[in-house]
Each structure stands twice: as C-alpha cells, then as structure tokens.
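S.K.: Got a structure for you, written out below as structure tokens; questions coming shortly.
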DNA sequence: CAGAATCCACCAGGATACTG
DNA sequence: CAGTATCCTGGTGGATTCTG
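Protein chains in written order, with the working numbering: chain B, 5 to 127; chain Y, 5 to 127.
The following block contains the structure:
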C-alpha cells in the first residue's frame, strides 16, 4: 500500500524476538510506568496493580540486563533503589506507544470478533 | 517530552493485552508472511521455517478468531485453503513494522548489553 | 493438502515465607 | 524497603500419529 517492504523474511525474526521479549505479562506495563519518571521498587509494585514482587523483580532484572532500565542504589537505611529508563528504554517506548494507539482503537473490534467467532462455533 | 501522555494507566492494560496476544512465537511471522499476499497452509509452513503444523494451525485459528485473518476454502480435491489478512490485520501490520524498525536498529545493542551484563555477573 | 488428536517438556507466573 | 528462595500450576510449543 505504501513503501516497498522494508522488512525481509530474515528481519522478521528480529521483530519476533523483540515481540517475544516485551510480549510477556508485565514488561510493557513497567516500561510505561517508568516512562513518566524514575520510580522505586514498591512504588512500581503499587502502580502496576496485580504484579507479584517475584515477577516485578524478574521483570526489572531482565530489563536491566538488556540495558533498557537503569538501577541505582542508595545505601541508606532503609535502602532506596530507583529504577529509570535508559535512553534505549525510552526509544523503545515510542513504537510501543504506536502499538498502544492501535490497541486502543481496535481492541473493541477484536473482542467483538471473538464473541462472534465463539458464538458461531456450533459445538 | 512531546505531547501530553495519550496512554493512561488504564489504557496500558490494552497495550499489554495486544502485546501478549501477538507476542507469542509465531503470530507476527505469520502476519508478516500474509502481508505480501494471501497464502495457503503448506505454503505458509514452508516460508515460516521451523513452525510445526500444530502451531501453524493454532496460530491461524486464533488469528481468524480475532478477525485478523480470513480463511477461505475451495472444496476441490485436494482441498485448497487460502489465508489472507483482513483490513484489520493489515492495519495491525503497520505499528508492528514500526516496532520492527526499532528491533532492527537496536537488537544488536541489546544483545551486547546482555553479554556485558552476564560477563559482569561474577558468580 | 489441510488439518485433528494425543503426548510431553519447559517455563512464565502466582503464592508464600524468609532476609539484610 | 527491596529483595531472595521455594513450591506449584497452567499454558505454550514441539513431535508424532491419524484422517477426509
């Protein structure tokens, strides 16, 4: 419809890899939370409702490993740990927002399609 | 940094839902394949290397359920089944391409970060 | 050709208890 | 406060066999 295909079959693997990387249950939610400003552990836990501290720890650790989130510790008592998006992390949030716009626009239709499909499933 | 945040916390759930929906191992690859033109079952199986027919069946079925892919059967012998993106499916491919561009640009750095992190993990 | 059915391994993710 | 450690379950995805 527009430009010649920029993504070749080979590149699709990279797309898929990124999608699988951020396509888990919590990663995007955490990134979105950190998009506004850096936050501390329990602050994140409160704002991302429903996440267990186990999964928050895992999510933040893999984000840090990939260089998407920076972890800074203040050795006070009690300790303060602050998480912030790196420039790389911020750059990721842009295309994710695009997908977010699409999601907001089309999620309703998708759910509708599902209901129709399930209703038509005679058995 | 730019416009006021368009995505509120509530909306992030939708984003996350879509990400989880298409963030599995094969969905995006199949959508990318169908982006060029409609294809038949084994044609897809060949082009999307490494997918089992089990997973291709599942992937196509959920795509059809969500109204992202259209399935048309020609009752010949042997039967011919063609899969094509719906307009909704095509509209999804756009933001996915944006994420694809990001992936191509930054996947190298991510892998590098991982190696660095793992190397620094003294134990 | 285009699946359906079955079996199985792995891992994401939840719950809970404990620690510096 | 910011984690770690352990246990457990459901779902994803692979391999194989069978069918119209």
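Ideal placement from N, C-alpha and C gives every residue a C-beta, glycine not left out. The structure displayed is predicted, hence computed values, not measured ones.
Could you please give the first and the last residue of the uninterrupted beta strand (DSSP E) stretch that includes residue 89(Y)?
M.R.: Residues 84-89.
S.K.: Does any CB atom of chain Y fall closer than 7 Å to the CB of residue 119(B)?
M.R.: Not one chain Y Cβ lies under 7 Å of residue 119(B).
S.K.: Where do the ends of the beta strand (DSSP E) carrying residue 73(B) lie?
M.R.: 73-78
S.K.: Run the CB neighbour count on residue 46(Y), radius 10 Å, all protein chains shown included, and call it buried at 16 or more, exposed below.
M.R.: exposed
S.K.: Go to residue 34(B), then tell me how far its alpha helix (DSSP H) extends in each direction, as first and last residue.
M.R.: 31-40
S.K.: Compare the C-alpha of residue 54(Y) against each of 34(Y), 41(Y), 101(Y) and name the closest.
M.R.: The shortest C-alpha separation from residue 54(Y) is found at 34(Y).
S.K.: Out of 119(Y), 77(Y), 106(Y), which has the shortest C-alpha to C-alpha gap to residue 44(Y)?
M.R.: 77(Y) is the residue among 119(Y), 77(Y), 106(Y) whose C-alpha sits nearest the C-alpha of residue 44(Y).
S.K.: For my contact list, residue 40(Y) and residue 71(B) are in at a C-beta cut-off of 8 Å; report their separation, rounded to the angstrom.
M.R.: The C-beta distance from residue 40(Y) to residue 71(B) rounds to 34 Å, too long to fall under 8 Å, and the pair is not in contact.
S.K.: Given this structure, state the Cα-to-Cα distance separating residue 20(B) from residue 107(Y), to the nearest angstrom.
M.R.: 9 Å
S.K.: Nearest to residue 58(B) by CA position, among 23(B), 73(B), 29(B), is which residue?
M.R.: 29(B)
S.K.: Under 7 Å between C-beta atoms, does residue 88(Y) make it to chain B?
M.R.: No, residue 88(Y) lies away from the interface with chain B (no Cβ there is under 7 Å from its Cβ).
S.K.: Considering residue 61(B), what are the terminal residues of the alpha helix (DSSP H) in which it resides?
M.R.: 57-69
S.K.: Beta-carbon separation of residue 24(Y) and residue 16(B) under 7 Å?
M.R.: no
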